[in-house]
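Peer 1: The structure is given below, and queries will be raised subsequently.
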């Protein structure tokens with residue numbers, strides 16, 4: 001199924017940017033958040049202010065509008081929070097009371113049965129220490145607008161206040177060439193979810209969220225975590241954005257490379273890994 005989704009996304013050329021971005025004018029700097037980047041010390045990551053200062057310095061040095069941290073990165077940054085060290089994924093049970101009225105979304109977007117035993121299902125289960133990033137992070141100014149890459153419906157949303165978690169998060173469901181799939185937007189402002197409702201229609205290009213401040217976004221410098229998800233497996237208002245390295249094949253099959261929709265890599269002018 002994931003290979004089929006990859007092909008569908010690769011063949012679609014009309015995705016709207018998820019942040020204000022002009023590839024002919026704007027530039028990106030790729031930020032390496034792995035152990036290979038000797039410029040990131042434990043002191044740099046010790047609090048949000050010093051980490052944010054580091055991010056802003058890299059943007060300024062590169063003359064870049066945004067920083068971007070890639071998919072599949074095995075990250076040192078997750079050492080700064082216990083969320084990824086506990087060997088435990090938090091149970092999040094789906095709320096099936098609200099359906100979707102829009103006819104172009106099939107009923108398979110609602111997980112109607114218990115998914116215990118399905119890989120990645122939203123039952124509480126043991127998991128190894130997690131470090132591998134399943135999305136793309138876009139670092140930029142506070143309140144940067146977040147836009148829908150294509151028409152969609154609000155599947156679910158939530159607020160996760162634990163340090164290093166998403167803070168405010170929104171998940172949209174889309175349909176393309178007969179296939180349903182999801183996009184996740186994490187580290188948003190609390191205001192982004194204040195008046196949202198499940199089943200709400202979001203048109204391609206609509207501004208539906210913004211980058212949040214640390215108190216709203218899990219205690220991080222302002223950025224967006226963008227992730228594609230094939231099967232929500234019962235998760236509701238949340239979905240893991242980080243997995244264990246030895247489980248990467250299964251998790252990455254269900255969350256393919258966001259660059260398939262972002263098309264931003266061609267604007268990277270410099271990589272920071274020293």
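In UniProt numbering, the protein residues as written are 1 to 274. For every residue, glycine included, the Cβ atom is placed at its ideal position computed from N, Cα and C. Treat the numbers as computed from the prediction; the structure is a model and nothing was measured.
Would you say residue 25 reaches chain B, if we count a Cβ-Cβ gap shorter than 9 Å as a contact?
Peer 2: The chain labelled as chain B is not found in the depicted structure, where only one protein chain is given.
Peer 1: Anyone know if the C-beta pair for residue 259 and residue 8 falls short of 9 Å?
Peer 2: The sequence position of residue 259 within the chain shown is 259, counting from 1. The sequence position of residue 8 within the chain shown is 8, counting from 1. Taking 9 Å as the Cβ cut-off, residue 259 and residue 8 do not qualify as a contacting pair.
Peer 1: Grab the span of the alpha helix (DSSP H) containing residue 192 for me, first residue to last.
Peer 2: Position 192 of the chain shown holds residue 192. Start and end: 191-194.
Peer 1: In whole angstroms, what separates the C-alpha of residue 50 from that of residue 193?
Peer 2: For the purposes of this step, residue 50 is identified with residue 50 of the chain shown, where counting begins at 1. For the purposes of this step, residue 193 is identified with residue 193 of the chain shown, where counting begins at 1. Distance between the alpha carbons of residue 50 and residue 193: 28 Å.
Peer 1: Excluding sequence positions up to five away, which residues of its chain have a Cβ less than 7 Å from the Cβ of residue 106?
Peer 2: For the purposes of this step, residue 106 is taken as the residue at position 106 of the chain shown. Confidence is the limiting factor: at residue 106 the pLDDT is only 33, short of 50, which leaves the residue's position unreliable and the question unanswerable from this model.
Peer 1: Are the CB atoms of residue 241 and residue 230 within a distance shorter than 9 Å?
Peer 2: One-based indexing of the chain shown puts residue 230 at position 230. One-based indexing of the chain shown puts residue 241 at position 241. No, Cβ-Cβ distance for residue 230 and residue 241 is not below 9 Å.
Peer 1: Is the separation between the beta-carbon of residue 135 and that of residue 182 shorter than 9 Å?
Peer 2: As a working note, residue 135 is residue 135 in the chain shown. As a working note, residue 182 is residue 182 in the chain shown. Contact flag unset, no.
Peer 1: Between which two residues does the alpha helix (DSSP H) containing residue 52 stretch?
Peer 2: By one-based count along the chain shown, residue 52 stands at place 52. Unbroken alpha helix (DSSP H) run through residue 52: 48-62.
Peer 1: Would you kindly work out how many angstroms separate the C-alpha atoms of residue 236 and residue 22, rounded to a whole number?
Peer 2: For this step, residue 236 is matched to residue 236 along the chain shown. For this step, residue 22 is matched to residue 22 along the chain shown. Answer to the nearest angstrom: the Cα atoms are 33 Å apart.
Peer 1: Please report how far the alpha carbon of residue 215 lies from the alpha carbon of residue 29, in whole angstroms.
Peer 2: Locating residue 215 in the chain shown gives position 215, where the first residue counts as 1. Locating residue 29 in the chain shown gives position 29, where the first residue counts as 1. Using only the alpha carbons, I get a separation of about 25 Å.
Peer 1: Among residues of its own chain, excluding the 5 on either side of residue 205, which ones have a beta-carbon nearer than 8 Å to its beta-carbon?
Peer 2: As a working mapping, residue 205 is identified with position 205 in the chain shown. Cβ neighbours of residue 205 beyond the five flanking positions: 16, 147 and 148.
Peer 1: Evaluate residue 225 with the Cβ neighbour count: other Cβ atoms within 10 Å of its Cβ, from every protein chain shown; 16 or more gives buried, anything less gives exposed.
Peer 2: Residue 225 sits at position 225 when you count from the first residue of the chain shown. Answer is buried; the Cβ neighbour count reaches 16.
Peer 1: Please report the Cβ distance between residue 171 and residue 184, rounded to the nearest whole angstrom; I am assuming they are in contact, meaning their Cβ atoms lie under 8 Å.
Peer 2: Within the chain shown, numbered from 1, the residue matching residue 171 stands at position 171. Within the chain shown, numbered from 1, the residue matching residue 184 stands at position 184. Indeed, because the Cβ distance is near 5 Å, the residues count as touching under 8 Å.
Peer 1: Leaving out five residues on either side along the sequence, give the residues of the same chain with a beta carbon under 6 Å from the beta carbon of residue 140.
Peer 2: Mapped onto the chain shown, residue 140 falls at position 140. Around residue 140: 66.
Peer 1: Judging by CA-CA distance, which residue of 220, 201 and 133 is the nearest neighbour of residue 166?
Peer 2: As a working mapping, residue 166 is identified with position 166 in the chain shown. Checking every option, the nearest Cα to that of residue 166 belongs to 220.
Peer 1: Hey, would you say residue 69 sits closer than 9 Å to residue 133, going by beta carbons?
Peer 2: One-based indexing of the chain shown puts residue 69 at position 69. One-based indexing of the chain shown puts residue 133 at position 133. Contact flag set, yes.
Peer 1: Buried or exposed for residue 4, going by 16 or more other Cβ atoms inside 10 Å?
Peer 2: Within the chain shown, the letter at position 4 stands for residue 4. Answer is exposed; the Cβ neighbour count stays below 16.
Peer 1: From what residue to what residue does the alpha helix (DSSP H) around residue 283 run?
Peer 2: With the chain covering 1 to 274 only, the question about residue 283 has no answer from this structure.
Peer 1: If I'm right that residue 168 touches residue 190 with Cβ under 8 Å, what's the distance once you round it to whole angstroms?
Peer 2: Taking the chain shown and counting its residues from 1, the one referred to as residue 168 is at position 168. Taking the chain shown and counting its residues from 1, the one referred to as residue 190 is at position 190. Yes, they are in contact, since the Cβ atoms of residue 168 and residue 190 sit about 5 Å apart, within 8 Å.
Peer 1: Give me whichever residues DSSP pairs with residue 175 in a beta bridge.
Peer 2: Taking the first residue of the chain shown as 1, we reach residue 175 at position 175. Answer is 180.
Peer 1: Of the residues 232, 60, 239 and 222, which one's Cα is nearest the Cα of residue 158?
Peer 2: Locating residue 158 in the chain shown gives position 158, where the first residue counts as 1. Minimum Cα distance to residue 158 is reached at 239.
Peer 1: On the criterion of 16 or more Cβ atoms from any shown chain inside 10 Å, does residue 126 qualify as buried, or is it exposed?
Peer 2: As a position in the chain shown, residue 126 is number 126, starting the count at 1. Its pLDDT being 46, under 50, residue 126 is placed unreliably in this model, and the value from its coordinates should be taken loosely. Exposed, because fewer than 16 other Cβ atoms sit within 10 Å of the Cβ of residue 126.
Peer 1: Would you kindly work out how many angstroms separate the C-alpha atoms of residue 218 and residue 24, rounded to a whole number?
Peer 2: One-based indexing of the chain shown puts residue 218 at position 218. One-based indexing of the chain shown puts residue 24 at position 24. Each residue's Cα considered, the two are about 33 Å apart.
Peer 1: Taking DSSP as the reference, what is the three-state secondary structure of residue 186?
Peer 2: Locating residue 186 in the chain shown gives position 186, counting from the first residue. Three-state result, residue 186: strand.
Peer 1: Distance check for residue 39 and residue 57, CA to CA, integer angstroms please.
Peer 2: Looking up residue 57 in the chain shown gives position 57. Looking up residue 39 in the chain shown gives position 39. One C-alpha to the other measures close to 12 Å.
Peer 1: Can you give the Cα-Cα distance for residue 175 and residue 199, rounded to whole angstroms?
Peer 2: The residue you call residue 175 lines up with position 175 of the chain shown. The residue you call residue 199 lines up with position 199 of the chain shown. Approximately 14 Å between the Cα atoms of the pair.
Peer 1: With 16 as the cutoff for other CB atoms within 10 Å, does residue 116 come out buried or exposed?
Peer 2: Residue 116 sits at position 116 when you count from the first residue of the chain shown. Bear in mind that a pLDDT of 33 at residue 116, under 50, signals an unreliable position, so the number given afterwards is only what the model happens to contain. Per the 10 Å Cβ criterion, exposed.
Peer 1: On a CA-only basis, which of 156, 187, 211 and 163 is nearest residue 196? Give me that one, please.
Peer 2: Stepping through the chain shown from its first residue, residue 196 is reached at position 196. Here the closest residue by C-alpha is 156.
Peer 1: Would you call the CB atoms of residue 145 and residue 222 closer than 9 Å?
Peer 2: The count along the chain shown starts at 1 and reaches residue 145 at position 145. The count along the chain shown starts at 1 and reaches residue 222 at position 222. No, these two residues do not count as a Cβ contact at 9 Å.
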